[in-house]
Amino acid sequence: MKLLSRAFATAVAAGAAAALVSLTGTVGATAAGSGTAAAPALTQVADEAPGYAVEDFAYPDADRILAEQGIVLKRGDGHITLAACGSETGLLEVWARSKDKVCFRVSGNGGYLSLEIPSVYGVKGNAYATEVTMTVEDEEKSFDIAKNTWTPVGESADPNGRDHMLVEIRATR
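Letter by letter, the sequence shown follows residues -31 to -1, 1 to 142 in mature numbering (1 follows the signal peptide of the UniProt record, and there is no 0).
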């Protein structure tokens, strides 16, 4: 019953609109009945096209992490992230004289992270093939990290025992 009354009301409204158009000869007649209606003015909503979102790959909350933990996290692709050590298994562990243990979660098929952790001497790998890049004086050195085991890097792998700064982590499946 409701359906029939709604259909009837719609038909009556459509018929009234058709009758108005046929009497005035135009769609949009005014109340005064002048058969011409002014076209609505177009209003510009924005001065220009919307801007583009540009990803700079800067690490989110890097300033807060530096202030709280003294770790410089620069840029990455979002697949290597700082994690609380012991919060889960399979974390990449970085050992440094300056910070003790710092842990990272790797997700997806791999990732990249640019950072600065001084005095690094060991890295415990996870299920990913990982390479770390370090600097010492004016040199840059790379170390392949064995999966799921400890790898000596930096000062523990340097015959002169010099301090090495961890500057990059790359991981792939």
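Note that beta-carbon positions come from the ideal geometry of N, C-alpha and C, so glycine has one too. All figures in this text were calculated on a predicted structure; none of them were measured in a lab.
As a beta-bridge residue in DSSP terms, glutamate 62 pairs with Cys72 and Lys93. Contact annotation: valine 63 and valine 89 have beta-carbon atoms nearer than 7 Å. Straight-line spacing of the CA atoms in lysine 68 and isoleucine 40 works out to 8 Å. For serine 125, the secondary structure class from DSSP, reduced to helix, strand or coil, is helix.
Spanning the alpha carbons of valine 71 and alanine 52 requires a straight line of approximately 8 Å.
The beta carbons of leucine 42 and isoleucine 49 sit no closer together than 7 Å. In its chain, beyond the 5 residues on either side, Gly94, Asn95 and Ala96 have a beta carbon closer than 7 Å to the beta carbon of asparagine 117.
Taking all protein chains in view, the Cβ of threonine 99 is crowded by 16 or more other Cβ atoms within 10 Å, so the residue is classified as buried. In terms of Cβ geometry, alanine 140 and glycine 80 form a close pair [threshold 7 Å]. The three-state reading of DSSP puts alanine 36 in helix, counting H, G and I together. Cβ neighbours of serine 125 within its own chain (closer than 8 Å, five residues either side excluded): Tyr90 and Gly91.
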